[in-house]
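Novice: If you scroll down you'll find the structure; I have some questions about it.
Numbering (my numbering), first residue to last: 67 to 668.
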């Protein structure tokens, strides 16, 4: 019996339930009313139809309606083996033949899916967006991992995706690092001090803040208002003057700015490379802010925006029940949102994308609401396509991070710590037998990176999270190393089969009796493409992470309870090895969508 596995079983059930309602009750029902969910584990069944929304059409009680629809589906669909009714829920048991047929049609494919690729929707996704006054830290790691994974998931779901970065390379915070280097740098460089360039410059940002605190305390002691003192120090005056000089193109300031930023970029590149992050294009605020200023000035001429007596330019958002928003300071320098206006316009002009996604922390929700409103006021209808993918903060067991005080968790240091923890744990468990020193180091890096990335990505991006490096490296439970180890276990199984001269065949009989544990693994494999779509629609790598964990968990139960290499029936032996091989491919693809490598052995 051949089933149509290019059509999802849910779609088949929806269409036939609509047909059942028309035949049984003479009612034409919208497909949207048919609710299908996975059957709860305490009941027999694979999929469940929620009957309650259909009672107004049947005019019968839930049990009777469910039984009548169940009988219709069982009699008209080969896919339905049997059904049971629990109150208003119709639990359907999908036939073993359907699951086996799905397996037979798809197990040979390197990557399978039900959805057509290149559906035409184009997306530009911005993530990372570092400042050139400090190195990347744990918060940046979550940003990069979430953005990179969402991009991969969107591509897998058929979208045309461009990954872009916007480097915050100008502004008062950049000038702070520059002033500090001028005052206390003593002409040192990253090479002289043997420091990564981003860390070298970041130290001067911290130095500025510490010295500015001292000057602030002096002003407060002299009677200056506490809230104003920090902005009135001699150091802050120097920084503001430098920003004006920078925007006016003053040669010496520009040369220093370029030199220090280049130090930072070399440091960033090393961090990105280790994290496995790349971009299709990198934008720089030093370029985009000019376009933003031009758009703002034109908006002022058109009286969409207004100017105050001090010369500052504002947008009035009170018609949206928001405050007024500053766009240009009295001295003519721009603020963050001004350059974001320019960047958005530049991206629209360059890509004309259907959606412009921004992966930025949830503390910027207000900022992006304002950005969309201002762009719409300025006549940019495409502003409705801007989507802010907000993510929560990452905390550590010992509390929050503070950049200005130099108490952030440095990204490079964290990755090195993960590598060391992976080494210690792996050696203790004896999982590097037969590895050369170089191979072992490569394995430690794969495990450490996998632990870090999976632990972060398994949490819904919108939620705040607590990152515990020790908990993340555990070869049992919902962790990256547990999934990596299962993949390596399958590859070891397949190697042993080859060593025993067991030849895997694609010719699998269609009358094999599959065990419930095998069926559960196949059901998970069947769900993969739908899971990708769900993760893409929700912009959530956590959906993929938890999917692959459940797949691995169910595979391990199958592996522990069902004989594979000890199976004497050659057809069953071949089927179980092919099922294992298929599972390994889906594990690998799932982990790739999370930016995680899987080792061939461990």
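Cβ coordinates follow ideal geometry from the N, Cα and C atoms, glycine included.
1. Are the Cβ atoms of residue 443 and residue 488 separated by less than 9 Å?
2. By the three-class DSSP mapping on this structure, what secondary structure does residue 605 have?
3. For residue 14, write down the residues that DSSP places opposite it in a beta bridge.
4. What's the gap between the Cα of residue 163 and the Cα of residue 437?
5. The alpha helix (DSSP H) that contains residue 314, what's its start and end?
6. Could you work out which residue in 226, 632, 191, 86 is closest to residue 141 when comparing CA atoms only?
7. By DSSP, does residue 348 sit in helix, in strand, or in coil?
8. What's the gap between the Cα of residue 468 and the Cα of residue 366?
9. In its own chain, which residues sit with a C-beta less than 7 Å from the C-beta of residue 219, not counting the 5 before and 5 after it?
10. Have a look at 232, 628, 91 and flag the residue whose alpha-carbon is nearest the alpha-carbon of residue 344.
11. Leaving out five residues on either side along the sequence, give the residues of the same chain with a beta carbon under 7 Å from the beta carbon of residue 326.
12. Can you check DSSP and say which residues form a bridge with residue 114?
13. Run through DSSP, which three-state label would residue 193 get?
14. Within this structure, are the beta carbons of residue 522 and residue 238 separated by less than 9 Å?
15. Tell me which residues share the same chain as residue 97 and place their Cβ nearer than 7 Å to its Cβ, disregarding the 5 neighbours each side in the sequence.
16. Are the CB atoms of residue 115 and residue 100 within a distance shorter than 9 Å?
17. Using the three-state DSSP reduction, which class does residue 531 fall into: helix, strand or coil?
18. Measuring straight from C-alpha to C-alpha, what distance separates residue 117 and residue 515?
19. Hey, out of 105, 331, 628, 289, whose CA is closest to residue 265's CA?
20. Tell me the rounded alpha-carbon separation between residue 648 and residue 566.
21. Are there three or more Cβ pairs, one per stretch, closer than 8 Å when the region 406 to 413 is compared with the region 344 to 361?
22. Enumerate in chain order the residues of its own chain whose CB-to-CB distance from residue 273 is below 8 Å, with the five nearest sequence positions on each side excluded.
23. So, using beta-carbon positions, are residue 640 and residue 580 closer together than 9 Å?
24. Rounded to whole angstroms, how far is the Cβ of residue 483 from the Cβ of residue 535, which I believe are closer than 8 Å?
25. Cβ of residue 341 within 9 Å of Cβ of residue 459?
26. Give the range of the beta strand (DSSP E) segment to which residue 149 is assigned.
27. So, for residue 199: in the same chain, excluding its five sequence neighbours on each side, which residues have a beta-carbon less than 6 Å away from its beta-carbon?
28. Between the Cα of residue 230 and those of 197, 193, 223, spot the shortest distance and give me the residue it belongs to.
29. Rounded to whole angstroms, what's the CA-CA distance from residue 643 to residue 557? Just pull it up for me.
30. Contact defined as beta carbons within less than 8 Å: I believe residue 215 pairs with residue 661. What is the distance between those atoms, to the nearest angstrom?
31. When you compare each of 177, 224, 127, 361 to residue 154 by their alpha carbons, which one comes out closest?
32. What's the gap between the Cα of residue 308 and the Cα of residue 372?
33. Do you know whose CA, among 383, 422, 384, 313, lies nearest residue 400's CA?
34. So for residue 229, helix, strand or coil by DSSP?
35. Taking all protein chains shown into account, do 16 or more other C-beta atoms lie within 10 angstroms of the C-beta of residue 236, making it buried, or fewer, making it exposed?
36. Should residue 110 be labelled buried (16 or more other beta-carbon atoms within 10 Å of its own) or exposed?
Specialist: In short, the structure shows the following:
1. On the chain shown, residue 443 is found 377 positions in, with the first residue counted as 1. On the chain shown, residue 488 is found 422 positions in, with the first residue counted as 1. No Cβ-Cβ contact shorter than 9 Å links residue 443 with residue 488.
2. One-based indexing of the chain shown puts residue 605 at position 539. Correct three-state label for residue 605: coil.
3. Outside the shown range of the chain (67 to 668) lies residue 14, about which nothing can therefore be said.
4. In the chain shown, the residue the question calls residue 163 occupies position 97. In the chain shown, the residue the question calls residue 437 occupies position 371. Computed Cα separation, rounded: 54 Å.
5. Here the question's residue 314 lines up with position 248 in the chain shown. Residue 314 -> no alpha helix (DSSP H), and no H or E assigned at all.
6. In the chain shown, the residue the question calls residue 141 occupies position 75. Of the candidates 226, 632, 191, 86, the one whose C-alpha sits nearest the C-alpha of residue 141 is 86.
7. Mapped onto the chain shown, residue 348 falls at position 282. Judged by DSSP in its simplified three-state form, residue 348 adopts strand.
8. Position 402 of the chain shown, counted from the first residue, corresponds to residue 468. Position 300 of the chain shown, counted from the first residue, corresponds to residue 366. Because the pLDDT of residue 468 is 46, which lies under 50, any placement of that residue in the model is unreliable, and the question is left without a value.
9. On the chain shown, residue 219 is found 153 positions in, with the first residue counted as 1. Sequence-distant Cβ neighbours of residue 219 in its own chain, meaning closer than 7 Å and more than five residues away, are 598, 601, 602, 607, 610, 659.
10. Counted from its first residue, the chain shown places residue 344 at position 278. Closest by alpha carbon: 232.
11. Translated into positions along the chain shown, residue 326 becomes position 260. If you ignore the 5 residues before and after residue 326, its C-beta comes within less than 7 Å of the C-beta of 243, 244, 247, 267, all in its own chain and listed in chain order.
12. Sequence index remark: in the chain shown, residue 114 carries index 48 (1-based). DSSP output for residue 114 lists 103, 157 as bridge partner(s).
13. By one-based count along the chain shown, residue 193 stands at place 127. In this structure, residue 193 counts as coil in the three-state DSSP scheme.
14. Here residue 522 corresponds to residue number 456 of the chain shown, with the count starting at 1. Here residue 238 corresponds to residue number 172 of the chain shown, with the count starting at 1. The answer is no: Cβ separation not under 9 Å.
15. Sequence index remark: in the chain shown, residue 97 carries index 31 (1-based). For residue 97, same chain residues with a beta-carbon under 7 Å away, outside a window of 5 residues either side, are 80, 84 in chain order.
16. Locating residue 100 in the chain shown gives position 34, where the first residue counts as 1. Locating residue 115 in the chain shown gives position 49, where the first residue counts as 1. Yes, the Cβ-Cβ distance between residue 100 and residue 115 is below 9 Å.
17. Position 465 of the chain shown, counting from 1, holds the residue named residue 531. The DSSP-derived three-state label of residue 531 is strand.
18. Here residue 117 refers to the residue found at position 51 of the chain shown. Here residue 515 refers to the residue found at position 449 of the chain shown. Cα-Cα distance, rounded: 46 Å.
19. For the purposes of this step, residue 265 is identified with residue 199 of the chain shown, where counting begins at 1. Of the listed residues, the one whose Cα sits closest to residue 265 is 331.
20. Position 582 of the chain shown, counted from the start, is the residue given in the question as residue 648. Position 500 of the chain shown, counted from the start, is the residue given in the question as residue 566. Rounded to whole angstroms, residue 648 to residue 566 spans 20 Å at the Cα level.
21. With a cut-off of 8 Å, the region 344 to 361 and the region 406 to 413 count as touching, because enough Cβ pairs lie within range.
22. As a first step, residue 273 must be located in the chain shown, where it is residue number 207. Cβ within range, chain order: 246, 250.
23. By 1-based counting over the chain shown, the position of residue 640 is 574. By 1-based counting over the chain shown, the position of residue 580 is 514. Going by C-beta atoms, residue 640 is not nearer than 9 Å to residue 580.
24. As a first step, residue 483 must be located in the chain shown, where it is residue number 417. As a first step, residue 535 must be located in the chain shown, where it is residue number 469. Yes, residue 483 and residue 535 are in contact; Cβ-Cβ is about 6 Å, under 8 Å.
25. As a working mapping, residue 341 is identified with position 275 in the chain shown. As a working mapping, residue 459 is identified with position 393 in the chain shown. No.
26. Translated into positions along the chain shown, residue 149 becomes position 83. Bounds of the beta strand (DSSP E) holding residue 149 are 146 to 152.
27. If you number the chain shown from 1, residue 199 lands on position 133. Closer than 6 Å at the Cβ level, and outside the excluded window around residue 199, lie 239, 240, 243, 271.
28. Taking the first residue of the chain shown as position 1, residue 230 is located at position 164. Considering only alpha carbons, the answer is 193.
29. In the chain shown, residue 643 corresponds to position 577, counting from 1. In the chain shown, residue 557 corresponds to position 491, counting from 1. Their backbone Cα atoms lie some 10 Å apart in a straight line.
30. For the purposes of this step, residue 215 is taken as residue 149 along the chain shown, with counting starting at 1. For the purposes of this step, residue 661 is taken as residue 595 along the chain shown, with counting starting at 1. Indeed, because the Cβ distance is near 6 Å, the residues count as touching under 8 Å.
31. Taking the first residue of the chain shown as 1, we reach residue 154 at position 88. That would be 127, whose Cα lies nearest to the Cα of residue 154.
32. Reading the chain shown from its first residue, position 242 is the one you call residue 308. Reading the chain shown from its first residue, position 306 is the one you call residue 372. Rounded to whole angstroms, residue 308 to residue 372 spans 27 Å at the Cα level.
33. Taking the chain shown and counting its residues from 1, the one referred to as residue 400 is at position 334. Nearest of 383, 422, 384, 313 to residue 400, Cα basis: 313.
34. In the chain shown, the residue the question calls residue 229 occupies position 163. The answer is strand: DSSP assigns residue 229 an E or B state.
35. Counting from one through the chain shown, the residue named residue 236 turns up at place 170. By the C-beta density criterion, residue 236 is buried, having at least 16 other C-beta atoms within 10 angstroms.
36. Walking along the chain shown from the start, residue 110 turns up at place 44. With fewer than 16 Cβ atoms within 10 Å of its Cβ, residue 110 is classed as exposed.
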